[in-house]
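S.K.:
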Amino acid sequence: MLKAEKDDHLQALFEKLKWSARQLLLVALTLIRIVYKPVAYSLLGGSVVLLIIIILFLNSKPDLFDWHTHILDKEFTRKLELSSFGEYLQLEDRLFKQLEDEVVDPFSASGQAIGVGRYNRYYKEAVSSPGRWPHNWNRSFELTANNPSAVVLLLHGMSDSPYSMRHLAESLHQLGLTTLGLRLPGHGTLPSGLVNVKWEDMAAALVLAMQYLQDNNPGVPIHIIGYSNGATLAINYALDAEMDSTLPAVDKLVLLSPSIEITGLAKLAIWQARIAHLLGLKKLEWQNVILEYDPFKYGSFAINAGDQVYRLTNHVKEQIKKMQARGLMSTLPPMLAFQSVVDNTVSATAVIDQLYLHLNNQSDRLVLLDLNREADSAGLLKKSPAREIASLFQRNDLAFGLDLLTNKNPSTLEIELRRKLPGNPTVQRIPMSMSWPEHIFSLSHVSLPFPPDDTLYGGLATKASPGVALGDLEFKGEVGVLATPAALLMRLRWNPFYYWMEAEIDTFLLSDLE
Numbered sequence: 040m041l042k043a044e045k046d047d048h049l050q051a052l053f054e055k056l057k058w059s060a061r062q063l064l065l066v067a068l069t070l071i072r073i074v075y076k077p078v079a080y081s082l083l084g085g086s087v088v089l090l091i092i093i094i095l096f097l098n099s100k101p102d103l104f105d106w107h108t109h110i111l112d113k114e115f116t117r118k119l120e121l122s123s124f125g126e127y128l129q130l131e132d133r134l135f136k137q138l139e140d141e142v143v144d145p146f147s148a149s150g151q152a153i154g155v156g157r158y159n160r161y162y163k164e165a166v167s168s169p170g171r172w173p174h175n176w177n178r179s180f181e182l183t184a185n186n187p188s189a190v191v192l193l194l195h196g197m198s199d200s201p202y203s204m205r206h207l208a209e210s211l212h213q214l215g216l217t218t219l220g221l222r223l224p225g226h227g228t229l230p231s232g233l234v235n236v237k238w239e240d241m242a243a244a245l246v247l248a249m250q251y252l253q254d255n256n257p258g259v260p261i262h263i264i265g266y267s268n269g270a271t272l273a274i275n276y277a278l279d280a281e282m283d284s285t286l287p288a289v290d291k292l293v294l295l296s297p298s299i300e301i302t303g304l305a306k307l308a309i310w311q312a313r314i315a316h317l318l319g320l321k322k323l324e325w326q327n328v329i330l331e332y333d334p335f336k337y338g339s340f341a342i343n344a345g346d347q348v349y350r351l352t353n354h355v356k357e358q359i360k361k362m363q364a365r366g367l368m369s370t371l372p373p374m375l376a377f378q379s380v381v382d383n384t385v386s387a388t389a390v391i392d393q394l395y396l397h398l399n400n401q402s403d404r405l406v407l408l409d410l411n412r413e414a415d416s417a418g419l420l421k422k423s424p425a426r427e428i429a430s431l432f433q434r435n436d437l438a439f440g441l442d443l444l445t446n447k448n449p450s451t452l453e454i455e456l457r458r459k460l461p462g463n464p465t466v467q468r469i470p471m472s473m474s475w476p477e478h479i480f481s482l483s484h485v486s487l488p489f490p491p492d493d494t495l496y497g498g499l500a501t502k503a504s505p506g507v508a509l510g511d512l513e514f515k516g517e518v519g520v521l522a523t524p525a526a527l528l529m530r531l532r533w534n535p536f537y538y539w540m541e542a543e544i545d546t547f548l549l550s551d552l553e
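If you count the sequence shown from 1, you need to add 39 to reach the numbering used here.
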């Protein structure tokens with residue numbers, strides 16, 4: 040929404056609030072005449088307090104702009120019933136033209152764009168504009184190889200874009216594999232794309248991509264690499280493919296920070312969205328509204344996006360139960376997962392308890408990336424998962440391989456790998472030629488797919504970024520002044536151990552290939 044429209048919007052909004060207040064007042068007065076007065080007065084007081092909370096919560100968020108409210112109708116949904124991935128890409132072409140024509144061009148030409156400054160991705164002259172990059176990584180991409188030994192589908196996370204899969208795709212392509220980075224519906228355009236998107240739309244796009252890869256590479260193994268919600272979609276597809284022989288088969292899965300379970304507050308997210316829809320309070324459709332400073336990831340996060348992740352994870356859990364009941368868990372493709380032991384977005388323990396402990400394939404492997412134990416020993420951390428990790432390594436009934444990348448001891452930054460093979464009580468301690476960088480106390484949910492030298496997110500980039508560089512920002516000043524929360528700027532966006540992880544993925548996917 041442009042500023043010129045703000046007053047009219049607020050007036051209409053508060054008229055709806057006044058109407059809602061009147062309706063609640065009428066209900067409460069009716070109750071006064073019918074039931075015990077103290078109870079009714081309590082309900083009346085509670086209703087008034089609730090309305091006050093809604094108003095305060097609403098006004099605490101920044102104003103919405105076109106990228107929060109404008110809906111692009113060229114986006115894919117499963118109801119379109121497209122017959123091929125080629126049609127999906129043609130629709131994507133029209134979608135990005137619509138984005139330019141209806142949002143980016145008008146906003147860039149408006150006087151308001153100047154006031155936004157250089158860090159808004161929808162302003163063409165901004166350093167955050169995706170147009171500064173030689174390739175728009177918000178879009179689906181394919182890197183083809185001649186006579187590939189395997190093909191790989193790569194799936195990004197919620198509110199993310201194919202950029203997060205770029206480095207793994209390029210690495211595998213250099214090894215002779217064809218790679219396809221899929222832009223999932225609702226992503227890469229406007230944050231408003233996540234207001235109405237359904238996880239089933241993303242799953243339908245995944246099927247089109249898999250059919251395309253199979254048709255163009257007959258007889259060649261197909262692997263899937265998924266990050267965050269993309270990992271959950273990958274698991275869901277693998278489960279579906281085991282129960283539906285018409286779907287192209289998956290040979291192996293690689294999971295980065297898989298969303299197996301998210302915060303319990305997500306259960307309530309849909310109710311906030313419903314209240315927003317009922318009262319016409321658009322700001323209540325958003326978990327947060329911040330500056331869109333990242334060219335390849337949304338800053339603002341729609342309530343519906345969290346709800347869709349929650350629904351998908353519940354669906355996957357039900358699918359796992361069905362597979363167990365049929366005795367089919369051992370037929371799932373081998374899985375290699377990487378998970379930071381501290382993760383503010385998804386539950387790290389759920390990856391173990393609700394996924395890996397249900398697997399029956401000794402080729403499965405879980406790699407836990409520990410926090411910096413030197414920082415832990417210095418008393419800098421609120422909570423340490425050390426006890427849970429130790430308990431897991433003491434178990435002798437694990438049917439999967441378990442690795443822990445951790446400090447050699449709490450007094451050093453040097454790293455070792457602790458490895459426990461399936462059914463083996465012995466824990467190997469393997470020296471590694473890696474160390475924690477100074478001043479980094481842990482990885483984060485968003486750091487795993489990005490190497491230290493990524494020009495956008497990396498903290499040790501050796502090349503200049505075509506635009507903004509977010510990996511090593513050092514803004515200093517007063518709390519509450521910046522348009523972006525300080526906690527987001529402090530969050531680690533790159534993986535110090537990325538190249539080791541990349542090599543492990545390469546080995547996993549290339550093994551058994553002739």
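Don't be surprised by glycine CBs; every beta carbon is placed ideally from N, CA and C.
Remember, it's a predicted structure, so these values are computed and weren't measured experimentally.
Are the Cβ atoms of Thr352 and Glu281 separated by less than 8 Å?
M.R.: Going by C-beta atoms, Thr352 is not nearer than 8 Å to Glu281.
S.K.: With which residues is Lys459 paired in a DSSP beta bridge?
M.R.: Note: Lys459 sits in a beta bridge opposite Leu441, Val466.
S.K.: Compute the beta-carbon to beta-carbon distance between Ile479 and Asn435, rounded to the nearest angstrom, for a pair I have assumed lies under 8 Å.
M.R.: Not a contact, Cβ separation roughly 34 Å.
S.K.: Select from Leu134, Pro334, Asp346 the residue whose C-alpha is nearest the C-alpha of Ala312.
M.R.: Ala312 has its Cα closest to that of Asp346, out of Leu134, Pro334, Asp346.
S.K.: Gly345 by DSSP, collapsed to three states: which one?
M.R.: Residue state, collapsed to three classes: helix.
S.K.: What residue from Arg160, Gln213, Ser198 has the CA that sits closest to Leu182's CA?
M.R.: If we check each option's Cα against that of Leu182, Gln213 comes out closest.
S.K.: Measure the Cβ-Cβ separation of Thr271 and Val143 and say whether it is below 8 Å.
M.R.: Their beta carbons are not under 8 Å apart, which means Thr271 does not touch Val143 by this criterion.
S.K.: Cα separation between Lys421 and Trp238?
M.R.: Roughly 34 Å between the two C-alpha positions.
S.K.: What is the DSSP secondary structure of Leu130, counted as helix, strand or coil?
M.R.: In this structure, Leu130 counts as helix in the three-state DSSP scheme.
S.K.: Spatial neighbours of Ser298 within its chain, please: CB distance less than 7 Å, with the 5 preceding and 5 following residues excluded, ordered by chain position.
M.R.: The residues are Ser267, Asn268, Ala270, Thr271, Val348, Thr352, Val385.
S.K.: For Arg404, which residues does DSSP report across the bridge?
M.R.: Answer is Leu375, Gly440.
S.K.: Between Glu543 and the rest of its own chain, which residues show a CB-CB distance below 6 Å, the 5 nearest in sequence each way excluded?
M.R.: Within the same chain, Glu543 has no close Cβ partners at all.
S.K.: In terms of residues, what are the limits of the alpha helix (DSSP H) holding Asn268?
M.R.: From DSSP, the alpha helix (DSSP H) with Asn268 extends over 268 to 282.
S.K.: Suppose contacts are defined by Cβ-Cβ distances below 8 Å. Is Pro224 in contact with Glu139 by that definition?
M.R.: Going by C-beta atoms, Pro224 is not nearer than 8 Å to Glu139.
S.K.: What is the C-beta distance between Glu131 and Arg222, in whole angstroms, given that I count them as a contact (C-beta under 8 Å)?
M.R.: Glu131 to Arg222, Cβ: 7 Å. Contact.
S.K.: Can you name the start and end residues of the alpha helix (DSSP H) that Thr108 belongs to?
M.R.: Run containing Thr108: 105 to 108, per the alpha helix (DSSP H) assignment.
S.K.: Where Ser550 and Ser402 are concerned, what is the direct C-alpha to C-alpha distance, given to the nearest angstrom?
M.R.: Rounded to the nearest angstrom, the two C-alpha atoms are 11 Å apart.
S.K.: Determine the closest residue to Asn534 out of Ala503, Arg350, Ala389, Asp492, with distance taken between C-alpha atoms.
M.R.: For the residues Ala503, Arg350, Ala389, Asp492, the minimum Cα distance to Asn534 belongs to Asp492.
S.K.: Taking the alpha carbon of Pro476 as the reference point, which residue from Asp392, Met197, Phe536, Ser231 has its own alpha carbon closest?
M.R.: If we check each option's Cα against that of Pro476, Phe536 comes out closest.
S.K.: Just to confirm the assignment: which complete beta strand (DSSP E) runs, minimum length 3, are found wholly within the stretch 176 to 241?
M.R.: Those beta strand (DSSP E) runs which fall completely within the stretch 176 to 241 and span 3+ residues are 180 to 182, 190 to 194, 217 to 221.
S.K.: Shortest alpha-carbon distance to Leu482 belongs to which of Asp511, Asn177, Asp382, Ala500?
M.R.: Checking every option, the nearest Cα to that of Leu482 belongs to Asp382.
S.K.: From what residue to what residue does the beta strand (DSSP E) around Lys295 run?
M.R.: For clarity, residue 295 is Leu in the given sequence; the question names Lys instead. Its beta strand (DSSP E) spans residues 291 to 295.
S.K.: Is it the case that the Cβ atoms of Leu233 and Ala364 are separated by a distance below 8 Å?
M.R.: Cβ distance not < 8 Å, so Leu233 and Ala364 don't count as in contact.
S.K.: Between Asn399 and Met368, is the Cβ-Cβ spacing less than 8 Å?
M.R.: Cβ distance < 8 Å, so Asn399 and Met368 count as in contact.
S.K.: Who does Asn446 pair with in a DSSP beta bridge?
M.R.: Per DSSP, Ile454.
S.K.: Can you name the start and end residues of the beta strand (DSSP E) that Trp533 belongs to?
M.R.: Segment: none, Trp533 is in no beta strand (DSSP E) and carries neither H nor E.
S.K.: Locate the beta strand (DSSP E) running through Asn327, then write down its first and last residues.
M.R.: Asn327 -> beta strand (DSSP E) spans 325 to 327.
S.K.: Looking at the secondary structure, which residues open and close the alpha helix (DSSP H) in which Val563 lies?
M.R.: Absent from the model: residue 563. The displayed extent of the chain is 40 to 553, so no value can be given.
S.K.: Output yes or no for whether 8 Å exceeds the beta carbon distance between Leu292 and Pro372.
M.R.: Contact flag set, yes.
S.K.: Once you ignore the five residues that flank Thr228 on each side, which residues in its own chain have a CB closer than 8 Å to its CB?
M.R.: If we look at Thr228 and ignore the five residues flanking it on each side, its Cβ neighbours are Leu111, Glu114, Leu134, Phe135, Leu138, Asn177.
S.K.: Once DSSP output is grouped into helix, strand and coil, what is the label at His316?
M.R.: Residue state, collapsed to three classes: helix.
S.K.: Can you tell me whether DSSP reads Gly170 as helix, strand or coil?
M.R.: Gly170: helix per DSSP, three-state reduction.
S.K.: Between His174, Phe489, Tyr158, Val289, which has its C-alpha nearest Gly258's C-alpha?
M.R.: Per the Cα distances, Val289.
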